[in-house]
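**Student:**
2 protein chains.
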Amino acid sequence: MMIKNIVFIGAGNLATHLALALKQASYSICQIYSRTRLSAETLAKQVDADSCCDYAEVRRDADLYIFALSDKALPDALEALQLKNKFFVHTAGSLPMSVFENYTSNYGVFYPLQTFSKAREVDFLKIPLCIEACSQDLESELMHMGGEISKSVQLLSSKQRKQLHLAAVFTCNFTNHMYHIGQELLQEKGMDFDLLKPLILETAEKVQEIPAKAAQTGPAVRFDEDVIKAHEESLNMHPDFQKLYRFVSESIYHLHKNEK
Amino acid sequence: MMIKNIVFIGAGNLATHLALALKQASYSICQIYSRTRLSAETLAKQVDADSCCDYAEVRRDADLYIFALSDKALPDALEALQLKNKFFVHTAGSLPMSVFENYTSNYGVFYPLQTFSKAREVDFLKIPLCIEACSQDLESELMHMGGEISKSVQLLSSKQRKQLHLAAVFTCNFTNHMYHIGQELLQEKGMDFDLLKPLILETAEKVQEIPAKAAQTGPAVRFDEDVIKAHEESLNMHPDFQKLYRFVSESIYHLHKNEK
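Encoded structure:
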């Protein structure tokens, strides 16, 4: 089998970026389904596809159906579609491959590990693609398709992918929350967030080369109690940030102490 | 007054990068003091300076003394030096300018906001320099010196600098801790940290353009309880990470809820 025609179920951020990358690699995206007509049409226009917002109208002759939906929406979509023995993949970090088990005998996972916003272009070549499939044949198909759009294609089990997704929450969502708090603290004293931007970039660039453990600096890893106490006092008006400050500082201290 | 000859008190990461940048901008670094002879000599060699490791040997004829010491070490250094009415600056985020009050009438702060490691080169031109001085004349001197090595020189009060330093702990040290946890989680299931590197970079690059609040993604901001619960279960063997996961997730949720 060679994948040529692809239907997308979902038209969100991830679906948009992935469909554009596949289109550019000469795959034919024949149809976009979304609950929301405008979303379906918007993406369909960008990749020369049909669109629909009713599961009954989804084409039944595609080589591959890519489900790029929220974890909650997937089971309903599978029930509603009633497509038998088609090739299904989903793009979710946290869902096991086995969600497809009762619906088809050809299935897998095609998980691009990145944070997607519609407003930002991404270079798909640099995005790690995590592949899993229920057979070696399908695995080869997906590895080939992945290789057409990314330089980093990997086989991962459902268990590994779940752990990777968890690690991504720490390194992306939780990190972004730290940026958010930094931004709030600066605004409060009339400073511009621009001041922190070079530091944020350098912190991210540092761990591209040095292990995070070795890259750590600051009062917590030195267990500099005077600075920690002064910081906690500064946060008296933000009990939530104060609790978080204390808690992350302790966690840094413990992780480094245990490894000494 | 024109600053020409500079003595560095301290030879750590920050002192090293700053002395090199000033040297390159044609300032003369005449002497490096460090408690540790090897540190003093290593940096002195790089910037064609003398070195010493006894406060009694510190030259008394320099135009400027830059104290790049830990917050704790500074008061002892000031007591030991017994230099009267010299131009003193420190490079610390968390110390007020007033630490110099009893030792000289010419003082200020020259705080480069960055995370420094000896192993990594940094482009000083991009590092925000935060300046404070006890008089307008000295302020101009420091602004001029700053402008010779950086494109981003700012006046900040001691209060603002303290808050900036606190924000930097969140956006640099705490962020790096999130990377560290991600790295541990991956290693545990036989995955390479390389997988997370593009995500880490993109997360940092995103907030160079988009406010952190708008850039947030993931289960906590969606309050996706199923995914959050599954993640917490995955962390059963790491009570410390589990507590942190719950706590940061709640903090994300509250910060976004309050602002809705």
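Those protein sequences? They're chains A and B, same order as listed.
Using our numbering, read the first sequence as starting at 5 and increasing by one per residue.
Using our numbering, read the second sequence as starting at 5 and increasing by one per residue.
C-beta atoms are modelled at their ideal positions from N, C-alpha and C, and glycine is treated no differently.
So with Cβ pairs under 8 Å, would you call B/Asn-240 a contact of chain A?
**Tutor:** On the second sequence, residue 240 of chain B is found 236 positions in, with the first residue counted as 1. B/Asn-240 does not count as touching chain A.
**Student:** Whole angstroms are fine: how far does the CA of A/Phe-178 sit from the CA of B/Ser-253?
**Tutor:** Here the question's residue 253 of chain B lines up with position 249 in the second sequence. Here the question's residue 178 of chain A lines up with position 174 in the first sequence. Distance from the CA atom of B/Ser-253 to the CA atom of A/Phe-178, rounded to whole angstroms, is 8 Å.
**Student:** For B/Pro-243, does the count of other Cβ atoms within 10 angstroms reach 16, so buried, or fall short, so exposed?
**Tutor:** As a position in the second sequence, residue 243 of chain B is number 239, starting the count at 1. Burial call: exposed.
**Student:** Which whole-angstrom value describes the C-beta separation of A/Thr-95 and A/Ile-70, a residue pair presumed to lie in contact below a C-beta threshold of 8 Å?
**Tutor:** As a first step, residue 95 of chain A must be located in the first sequence, where it is residue number 91. As a first step, residue 70 of chain A must be located in the first sequence, where it is residue number 66. Between A/Thr-95 and A/Ile-70 a beta carbon distance of about 7 Å is seen, short of the 8 Å cut, so the two are scored as contacting.
**Student:** Would you call B/Leu-42 buried or exposed, if buried means 16 or more other Cβ atoms sit within 10 Å of its Cβ?
**Tutor:** Here residue 42 of chain B corresponds to residue number 38 of the second sequence, with the count starting at 1. It counts as exposed.
**Student:** Strictly under 8 Å for the Cβ-Cβ distance: is B/Glu-206 near chain A by that measure?
**Tutor:** Reading the second sequence from its first residue, position 202 is the one you call residue 206 of chain B. Closer than 8 Å to some Cβ of chain A, the Cβ of B/Glu-206 qualifies, so yes.
**Student:** Nearest by alpha-carbon distance to A/Asp-52: which of A/Lys-76, A/Glu-229, A/Leu-26 and A/Ile-7 is it?
**Tutor:** Position 48 of the first sequence, counted from the start, is the residue given in the question as residue 52 of chain A. The candidate whose alpha carbon is nearest that of A/Asp-52 is A/Leu-26.
**Student:** Got a sec: is the Cβ-Cβ distance from A/Cys-34 to anything in chain B below 8 Å?
**Tutor:** Counted from its first residue, the first sequence places residue 34 of chain A at position 30. No, because no Cβ of chain B sits closer than 8 Å to the Cβ of A/Cys-34.
**Student:** Assuming the contact rule is C-beta atoms closer than 8 Å, A/Ala-224 and A/Tyr-183 should be a hit. Round their C-beta distance to whole Å, please.
**Tutor:** One-based indexing of the first sequence puts residue 224 of chain A at position 220. One-based indexing of the first sequence puts residue 183 of chain A at position 179. Contact doesn't hold; Cβ gap of about 18 Å is too wide.
**Student:** Could you tell me the distance, in whole angstroms, from the CA atom of A/Val-62 to the CA atom of A/Asp-196?
**Tutor:** Locating residue 62 of chain A in the first sequence gives position 58, where the first residue counts as 1. Locating residue 196 of chain A in the first sequence gives position 192, where the first residue counts as 1. For A/Val-62 and A/Asp-196, the distance between alpha carbons rounds to 49 Å.
**Student:** Confirm, please, whether the CB-CB distance from A/Ala-171 to B/Leu-82 is below 8 Å.
**Tutor:** Walking along the second sequence from the start, residue 82 of chain B turns up at place 78. Walking along the first sequence from the start, residue 171 of chain A turns up at place 167. No.
**Student:** For B/Ala-137, which residues does DSSP report across the bridge?
**Tutor:** Translated into the one-based positions of the second sequence, residue 137 of chain B becomes position 133. Answer is B/Gly-112.
**Student:** Is the shortest distance between the beta-carbon of B/Asp-67 and the beta-carbons of chain A less than 8 Å?
**Tutor:** Position 63 of the second sequence, counted from the first residue, corresponds to residue 67 of chain B. Closer than 8 Å: no.
**Student:** Please classify A/Lys-166 as buried or exposed, where buried requires at least 16 neighbouring CB atoms within 10 angstroms.
**Tutor:** Residue mapping note: residue 166 of chain A aligns to position 162 of the first sequence, counting from 1. A/Lys-166 comes out buried.
**Student:** Is B/His-148 close to chain A? Criterion is C-beta to C-beta, closer than 8 Å.
**Tutor:** For the purposes of this step, residue 148 of chain B is taken as residue 144 along the second sequence, with counting starting at 1. B/His-148 does not count as touching chain A.
**Student:** Beta strand (DSSP E) containing B/Ser-38: first to last residue?
**Tutor:** Locating residue 38 of chain B in the second sequence gives position 34, counting from the first residue. That residue, B/Ser-38, is in no beta strand (DSSP E); it is neither H nor E in DSSP.
**Student:** Counting only Cβ pairs nearer than 8 Å, list the residues of chain A close to B/Met-182.
**Tutor:** For the purposes of this step, residue 182 of chain B is taken as the residue at position 178 of the second sequence. By Cβ distance, chain A contributes Phe-174, Thr-175, Phe-178, Thr-179 and Met-182.
**Student:** Assign B/Thr-40 to buried or exposed, taking buried as 16 or more other Cβ atoms, counted over all protein chains shown, within 10 Å of its Cβ.
**Tutor:** As a working mapping, residue 40 of chain B is identified with position 36 in the second sequence. Exposed, since its Cβ has fewer than 16 Cβ neighbours within 10 Å.
**Student:** Taking contact to mean at least 3 C-beta pairs separated by less than 8 Å, is the region 15 to 23 of chain B in contact with the region 121 to 128 of chain B?
**Tutor:** Judged by pairs of C-beta atoms under 8 Å, the region 15 to 23 of chain B touches the region 121 to 128 of chain B, as three or more such pairs exist.
**Student:** For my contact list, A/Val-11 and B/Gly-222 are in at a C-beta cut-off of 8 Å; report their separation, rounded to the angstrom.
**Tutor:** For the purposes of this step, residue 11 of chain A is identified with residue 7 of the first sequence, where counting begins at 1. For the purposes of this step, residue 222 of chain B is identified with residue 218 of the second sequence, where counting begins at 1. Wrong, their Cβ atoms sit about 27 Å apart, outside the cutoff.
**Student:** Exposed or buried, B/Met-241, counting other C-beta atoms within 10 Å across all chains shown (16 or more means buried)?
**Tutor:** Residue mapping note: residue 241 of chain B aligns to position 237 of the second sequence, counting from 1. Its Cβ having fewer than 16 others within 10 Å, B/Met-241 is exposed.
**Student:** Where does the unbroken beta strand (DSSP E) through B/Asp-54 begin, and where does it stop?
**Tutor:** Taking the second sequence and counting its residues from 1, one reaches residue 54 of chain B at position 50. Taken as a continuous stretch (DSSP letters only), the beta strand (DSSP E) holding B/Asp-54 covers 54 to 56.
**Student:** Per DSSP, what kind of secondary structure is A/Gln-212 in: helix, strand or coil?
**Tutor:** Mapped onto the first sequence, residue 212 of chain A falls at position 208. In the structure shown, A/Gln-212 sits in coil (DSSP, three-state: anything other than H, G, I, E or B).
**Student:** Could you check how far apart the C-beta atoms of B/Ile-33 and B/Ala-44 are, in whole angstroms? I think they sit under 8 Å.
**Tutor:** Your numbering for residue 33 of chain B matches position 29 in the second sequence. Your numbering for residue 44 of chain B matches position 40 in the second sequence. Contact flag wrong, Cβ pair sits at about 12 Å.
**Student:** Taking only runs of the alpha helix (DSSP H) that begin and end inside the region 186 to 264 of chain A, which ones reach a length of at least 4 residues, in chain order?
**Tutor:** The DSSP assignment places complete alpha helix (DSSP H) segments of no fewer than 4 residues inside the region 186 to 264 of chain A at 201 to 210, 216 to 219, 223 to 226, 229 to 238 and 243 to 263, in order along the chain.
**Student:** Just the Cα atoms here: how many angstroms apart are A/Pro-116 and B/Thr-207?
**Tutor:** To locate residue 116 of chain A, count along the first sequence from 1; it is residue 112. To locate residue 207 of chain B, count along the second sequence from 1; it is residue 203. Straight-line Cα distance between these residues: approximately 15 Å.
**Student:** For B/Ala-84 and B/Lys-217, I'd like the C-alpha separation in whole angstroms.
**Tutor:** On the second sequence, position 80 is the one that residue 84 of chain B refers to. On the second sequence, position 213 is the one that residue 217 of chain B refers to. CA-CA distance, B/Ala-84 to B/Lys-217, rounds to 48 Å.
**Student:** If the cut is a Cβ gap below 9 Å, which residues of chain A does B/Ser-121 touch?
**Tutor:** Translated into positions along the second sequence, residue 121 of chain B becomes position 117. Result: Lys-210, Ile-214, Ala-218, Ala-219 and Thr-221.
**Student:** Using only CA atoms, which one of A/Phe-91, A/Ile-13 and A/Gly-151 lies nearest to A/Gln-28?
**Tutor:** Position 24 of the first sequence, counting from 1, holds the residue named residue 28 of chain A. When each option's Cα is compared against that of A/Gln-28, the closest is A/Gly-151.
**Student:** If you reduce the DSSP assignment to three classes, tell me which class B/Ile-131 lands in.
**Tutor:** Residue 131 of chain B sits at position 127 when you count from the first residue of the second sequence. In the structure shown, B/Ile-131 sits in coil (DSSP, three-state: anything other than H, G, I, E or B).
**Student:** Does DSSP put A/Phe-120 in a helix, a strand or coil?
**Tutor:** Taking the first sequence and counting its residues from 1, one reaches residue 120 of chain A at position 116. Here A/Phe-120 sits in coil by DSSP.
**Student:** Can a CB atom of chain A be found closer than 8 Å to the CB of B/Lys-264?
**Tutor:** As a working mapping, residue 264 of chain B is identified with position 260 in the second sequence. In this prediction, B/Lys-264 scores a pLDDT of 47, lower than 50, which makes its location untrustworthy; no coordinate-derived value is stated.
**Student:** Please identify the residue among A/His-235, A/Lys-90 and A/Leu-73 whose C-alpha is closest to the C-alpha of B/Gln-164.
**Tutor:** The residue given as residue 164 of chain B occupies position 160 in the second sequence. If we check each option's Cα against that of B/Gln-164, A/His-235 comes out closest.
**Student:** When burial is assigned at 16 or more other CB atoms within 10 Å of the CB, is A/Lys-264 buried or exposed?
**Tutor:** Within the first sequence, numbered from 1, the residue matching residue 264 of chain A stands at position 260. Residue placement at A/Lys-264 is flagged as unreliable, the pLDDT there being 48, under the threshold of 50; the coordinate-derived value follows with that caveat. Under this definition A/Lys-264 is an exposed residue.
**Student:** Is the CB-CB distance between B/Ser-162 and B/Pro-132 below 8 Å?
**Tutor:** Within the second sequence, numbered from 1, the residue matching residue 162 of chain B stands at position 158. Within the second sequence, numbered from 1, the residue matching residue 132 of chain B stands at position 128. Here B/Ser-162 is not near B/Pro-132, since their CB atoms are 8 Å or more apart.
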